[in-house]
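Below: the structure, in structure tokens.
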């Protein structure tokens, strides 16, 4: 029996090379533990502004939903956005 064809890891992650956030600190997209209110909204707003012009926005959002990312802003979606979509039964494209 033959070995199933595998996708090279580099190809699976290649979309990240084109991300608007490439090379930025993760602190731009992830709030400090326990951050709430204005501090949280400011971090999310800055991240969403960066995401809004990203050429791989959709791919990033699909990745975050498929991998059930719990924290940070991914593909223009906040933690709450992703949680809401999961609650509505959203299934990312394969």
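In my numbering, the protein residues as written are 1096 to 1189.
Note that the Cβ used here is the ideal one computed from N, Cα and C, for glycine as well.
Span separating the alpha-carbon of residue i from that of residue j
{"i": "residue 1152", "j": "residue 1112", "result": "12 Å"}
{"i": "residue 1130", "j": "residue 1139", "result": "11 Å"}
{"i": "residue 1189", "j": "residue 1155", "result": "Per-residue confidence for residue 1189 stands at a pLDDT of 43, beneath the threshold of 50, marking its modelled position as unreliable; no derived number is given."}
{"i": "residue 1119", "j": "residue 1179", "result": "27 Å"}
{"i": "residue 1121", "j": "residue 1181", "result": "24 Å"}
{"i": "residue 1134", "j": "residue 1159", "result": "23 Å"}
{"i": "residue 1144", "j": "residue 1107", "result": "26 Å"}
{"i": "residue 1109", "j": "residue 1132", "result": "35 Å"}
{"i": "residue 1137", "j": "residue 1183", "result": "26 Å"}
Beta carbon of residue i nearer than 8 Å to that of residue j
{"i": "residue 1125", "j": "residue 1116", "result": "no"}
{"i": "residue 1146", "j": "residue 1167", "result": "no"}
{"i": "residue 1149", "j": "residue 1114", "result": "yes"}
Closest Cα partner of residue i within the set the options
{"i": "residue 1162", "options": "1150, 1144, 1177", "result": "1177"}
{"i": "residue 1172", "options": "1142, 1137, 1148, 1104", "result": "1142"}
Nearest-angstrom beta carbon gap, residue j and residue i [assumed within contact, 8 Å]
{"i": "residue 1157", "j": "residue 1165", "result": "About 16 Å; that fails the 8 Å criterion."}
**Report entry** alpha helix (DSSP H) runs contained entirely in the stretch 1102-1174, provided each spans 4 or more residues
**Finding:** Listed in chain order, the complete alpha helix (DSSP H) runs (minimum 4 residues) inside the stretch 1102-1174 are 1104-1108, 1132-1146, 1152-1161.
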